[in-house]
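Data first, discussion second: the structure below is written as structure tokens.
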Amino acid sequence: MEAQATPKASAMTFAVTPASTGQAAQAIRTAVGDKDWRTAVRLLADVSAPEDQKPFGQVISCCGKAREWQCALQVLADIFHTKAIPDVVSFSAAITAFEKGLAWQMACQLLSDMPSATTEPNVYSFNAAISACEKGGEWQRALLLLSGMPAARVL
231 MEAQATPKAS
241 AMTFAVTPAS
251 TGQAAQAIRT
261 AVGDKDWRTA
271 VRLLADVSAP
281 EDQKPFGQVI
291 SCCGKAREWQ
301 CALQVLADIF
311 HTKAIPDVVS
321 FSAAITAFEK
331 GLAWQMACQL
341 LSDMPSATTE
351 PNVYSFNAAI
361 SACEKGGEWQ
371 RALLLLSGMP
381 AARVL
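For this note's numbering, add 230 to where a residue sits in the sequence shown, where the first one is 1.
Have a look at this one:
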């Protein structure tokens, strides 16, 4: 039995049902697999369950692979707009997008902002930020991040 979108009484827009949310998540996976970041971003509007952040992380990663770090940052901000807290996977994917986009300053800033968003960085978060610094020729900053990993309980 396939669930259908149900019309709202006061408008001609449609509410997204859980079944269609699952369909949207599948469509996002397909777009991500096809490296179609534009379609993946558009499809996020159909995901009504912000507690399931997997599609958000997938889209952020897809944007990063396309070197569209501004788009990845916007998707991360969209998670906050749903009143959810991005998980470590979404943050790390955004830091990786900054690394691929040669935006080392943004990568370092996002890494340092993670704890204030109650999301602790992990080894992947640090690795992406360190790599971003390396690609930006900021080896001293990369060493500083590396030396800060034990204090962050990452090593």
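We treat Cβ as the ideally placed atom computed from N, Cα and C, and that holds for glycine.
Same chain only: Cβ atoms within 8 Å of residue i, ignoring 5 sequence neighbours per side
| i | result |
| --- | --- |
| E298 | W267, A327 and G331 |
| N352 | V318, S322 and V384 |
Sequence-distant residues of its chain with Cβ nearer than 7 Å to residue i (five each side left out)
| i | result |
| --- | --- |
| P285 | A255, I258, L274 and V277 |
Pair within 9 Å by beta-carbon distance, residue i and residue j
| i | j | result |
| --- | --- | --- |
| I337 | A358 | According to the sequence as given, residue 337 is Ala; it is not Ile. Yes; because the gap between Cβ atoms is below 9 Å, this pair is in contact. |
| V271 | V305 | yes |
| S355 | L341 | yes |
| C292 | K265 | yes |
| L325 | Q283 | Inspection of the sequence shows that residue 325 is occupied by Ile rather than by Leu. Not closer than 9 Å, so no. |
Cα-Cα separation between residue i and residue j, rounded to whole angstroms
| i | j | result |
| --- | --- | --- |
| S288 | V384 | The sequence shown places Gln at residue 288, not Ser. The alpha-carbon atoms of Q288 and V384 are separated by roughly 24 Å. |
| A314 | M344 | 14 Å |
| Q370 | M379 | 15 Å |
Cβ shell of residue i (< 6 Å), same chain only, five flanking positions each side left out
| i | result |
| --- | --- |
| W334 | A362, C363, G366 and E368 |
Beta-carbon separation (whole angstroms), residue i vs residue j, contact threshold 8 Å
| i | j | result |
| --- | --- | --- |
| A347 | P316 | 7 Å |
| S320 | I290 | 6 Å |
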